[in-house]
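No gaps in the numbering here: position 80 of the sequence shown is 81 in my numbering, and each next residue is one more. Every residue gets a Cβ at the ideal spot worked out from N, C-alpha and C, and that includes glycine. Since the model is a prediction, treat every value here as computed from it, not as a measurement. Everything below concerns the one structure shown next.
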Amino acid sequence: MKESGRTAARAGWLPGALLLLITDGVTEARNRTGTFYDPCASAVLTDARFMDPGGLVHAVTADVARWSGDGHQDDMSILAVARRGGHRLG
(Lines of atoms letter the chains of each structure in order from A and count residues from 1; the text may use other names and numbers.)
(Lines give C-alpha, C1' and ligand atoms only; values in the text may rest on other atoms or scores of the structure.)
Protein backbone atom coordinates (compact mmCIF):
# COMPACT_ATOMS: atom_id res chain seq x y z
CA MET A 1 0.00 0.00 0.00
CA LYS A 2 1.41 3.38 -0.99
CA GLU A 3 2.10 5.90 1.78
CA SER A 4 -0.17 8.94 1.67
CA GLY A 5 2.27 11.28 3.39
CA ARG A 6 -0.30 11.99 6.09
CA THR A 7 0.32 11.63 9.77
CA ALA A 8 -2.02 10.99 12.65
CA ALA A 9 -1.97 12.87 15.92
CA ARG A 10 -3.65 12.40 19.28
CA ALA A 11 -5.04 15.14 21.44
CA GLY A 12 -6.65 15.08 24.86
CA TRP A 13 -10.38 15.57 24.93
CA LEU A 14 -11.82 16.30 28.35
CA PRO A 15 -15.32 15.24 29.43
CA GLY A 16 -17.80 17.93 28.47
CA ALA A 17 -15.63 19.17 25.59
CA LEU A 18 -17.44 20.07 22.39
CA LEU A 19 -15.92 19.83 18.90
CA LEU A 20 -17.40 21.89 16.06
CA LEU A 21 -16.55 21.03 12.44
CA ILE A 22 -17.67 23.29 9.59
CA THR A 23 -17.11 23.45 5.85
CA ASP A 24 -16.16 26.47 3.79
CA GLY A 25 -19.82 27.16 3.04
CA VAL A 26 -20.03 28.56 6.57
CA THR A 27 -16.87 30.67 6.54
CA GLU A 28 -17.47 31.95 3.01
CA ALA A 29 -21.01 33.19 3.72
CA ARG A 30 -21.07 36.93 3.05
CA ASN A 31 -23.20 39.76 4.37
CA ARG A 32 -24.54 42.68 2.29
CA THR A 33 -21.17 44.43 2.31
CA GLY A 34 -19.34 41.30 1.15
CA THR A 35 -17.71 40.55 4.50
CA PHE A 36 -17.14 36.87 5.23
CA TYR A 37 -18.78 35.23 8.24
CA ASP A 38 -16.29 34.57 11.05
CA PRO A 39 -17.53 31.89 13.46
CA CYS A 40 -14.78 32.77 15.94
CA ALA A 41 -16.13 36.32 16.20
CA SER A 42 -19.69 35.09 16.80
CA ALA A 43 -21.14 35.20 20.30
CA VAL A 44 -22.89 31.90 19.50
CA LEU A 45 -19.73 29.93 20.29
CA THR A 46 -19.54 31.25 23.83
CA ASP A 47 -23.26 31.19 24.63
CA ALA A 48 -23.81 28.51 27.29
CA ARG A 49 -27.37 27.89 26.02
CA PHE A 50 -25.89 26.17 22.98
CA MET A 51 -23.37 23.93 24.65
CA ASP A 52 -24.98 20.73 23.45
CA PRO A 53 -24.24 19.48 19.92
CA GLY A 54 -27.73 19.86 18.45
CA GLY A 55 -28.28 23.30 19.93
CA LEU A 56 -24.91 24.50 18.68
CA VAL A 57 -25.55 23.28 15.12
CA HIS A 58 -28.93 25.04 15.07
CA ALA A 59 -27.47 28.22 16.56
CA VAL A 60 -24.60 28.42 14.06
CA THR A 61 -26.99 27.72 11.17
CA ALA A 62 -29.31 30.52 12.32
CA ASP A 63 -26.38 32.89 12.90
CA VAL A 64 -25.07 32.32 9.36
CA ALA A 65 -28.58 32.90 7.97
CA ARG A 66 -28.84 36.19 9.89
CA TRP A 67 -25.37 37.23 8.72
CA SER A 68 -26.05 36.51 5.07
CA GLY A 69 -29.64 37.77 5.06
CA ASP A 70 -30.94 34.24 4.47
CA GLY A 71 -29.24 34.25 1.07
CA HIS A 72 -27.83 30.74 0.72
CA GLN A 73 -24.68 31.17 -1.31
CA ASP A 74 -23.07 27.76 -0.89
CA ASP A 75 -23.77 24.41 0.70
CA MET A 76 -22.90 24.16 4.37
CA SER A 77 -22.03 21.22 6.58
CA ILE A 78 -21.92 21.64 10.33
CA LEU A 79 -21.13 18.84 12.77
CA ALA A 80 -20.86 19.14 16.54
CA VAL A 81 -19.71 16.29 18.78
CA ALA A 82 -19.56 16.27 22.59
CA ARG A 83 -17.58 14.04 24.89
CA ARG A 84 -19.79 12.87 27.71
CA GLY A 85 -18.96 11.28 31.03
CA GLY A 86 -15.75 10.92 32.93
CA HIS A 87 -14.49 7.60 31.56
CA ARG A 88 -11.59 7.66 29.20
CA LEU A 89 -12.02 5.53 26.09
CA GLY A 90 -9.14 3.58 24.57
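Under the DSSP definition of a beta bridge, which residues are partnered with residue i?
i, result
"Leu-80", "Leu-22"
Decide if residue i is buried, meaning its Cβ has at least 16 other Cβ atoms within 10 Å, or exposed.
i, result
"Val-82", "exposed"
"Ala-44", "exposed"
"Leu-99", "Coverage of the chain is limited to positions 2 through 91, which leaves residue 99 absent and any answer about it impossible."
"Asp-48", "exposed"
"Leu-80", "exposed"
"Ala-60", "buried"
"Asp-64", "buried"
"Leu-57", "buried"
Can you determine whether any heavy atom of the ligand NAD sits closer than 6 Å to the C-beta of residue i, and answer yes or no?
i, result
"Gly-55", "The ligand NAD is absent from the structure shown, which contains no ligand whatsoever."
Assuming residue i and residue j are in contact, meaning their beta carbons sit under 8 Å apart, how far apart are those beta carbons, in whole angstroms?
i, j, result
"Met-77", "Gly-26", "4 Å"
"Arg-67", "Gly-17", "That pair is no contact at about 28 Å."
"Asp-71", "Glu-29", "The pair is not a contact, with the Cβ atoms about 16 Å apart (cut-off 8 Å)."
*What are the start and end residues of each continuous alpha helix (DSSP H) run of 4 or more residues lying completely inside the region 20–62, in chain order?*
25–28
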